[in-house]
């Protein structure tokens, strides 16, 4: 019985080698917040100049002079087409596809997604039905748009910006 226990323990120790350890990366944002997370072997940090021109223009147009603090290119695009992830100095996170089209925009709780970045038909719906409630996230999916408002209401629209449903 002792021999069986020793052999089991030895087998366990052999199987626990460096290949099973997960690498982590620790980053500090401009506000001094430290974050440690697993390294995604399919993604790589990159120079801000490497994101598509369309993504750069979108950021300049809708977020003005807010600096880019981090960019990452995934090895393979997500199911929704996201290939580039960009984080701005104010905490805003943007996802872009290979052509630089935005796929998702999310902001910190005290911020708003700029209305100018939201399709016009959806802007009109928001102004009419939700007044001054801030948009904290907009996600472009193959079937339409999902918005998360500051009051925890989720809104869904088709690809033409036509209202589909609301979830509270």
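Numbering (mature numbering (1 follows the signal peptide of the UniProt record, and there is no 0)), first residue to last: -21 to -1, 1 to 147.
The beta-carbon is built from N, C-alpha and C at its ideal position, and this holds for glycine as well.
Computed from a predicted model, the values in this text were never measured in an experiment.
Under the rule that a run must span 4 or more residues, the alpha helix (DSSP H) segments found entirely inside the segment 84 to 115 read 99 to 109. In this structure, the CA atom of residue 98 is about 10 Å from the CA atom of residue 138. Excluding sequence positions up to five before and after residue 82, its CB lies within less than 7 Å of the CB of 59, 60, 61, 74, 75, 76 and 119, all in the same chain and listed in chain order.
By the C-beta density criterion, residue 50 is buried, having at least 16 other C-beta atoms within 10 angstroms.
For residue 133, the enclosing beta strand (DSSP E) starts and ends at 133 to 137. By a beta-carbon distance limit of 8 Å, residue 126 does not contact residue 113. Their separation comes to about 10 Å.
Excluding sequence positions up to five before and after residue 72, its CB lies within less than 6 Å of the CB of 66 and 85, all in the same chain and listed in chain order. Scanning 130, 36 and 64 for the CA closest to the CA of residue 55 turns up 64. Within the same chain, and ignoring the five residues on either side of residue 102 in sequence, the residues whose Cβ sits closer than 8 Å to its Cβ are 94.
The three-state secondary structure of residue 32, taken from DSSP, is helix. Residue pairing by DSSP puts residue 118 in a beta bridge opposite 83 and 125. Annotation for residue 74: the continuous beta strand (DSSP E) segment containing it runs 72 to 75. Per DSSP, the unbroken beta strand (DSSP E) holding residue 65 starts and ends at 63 to 67.
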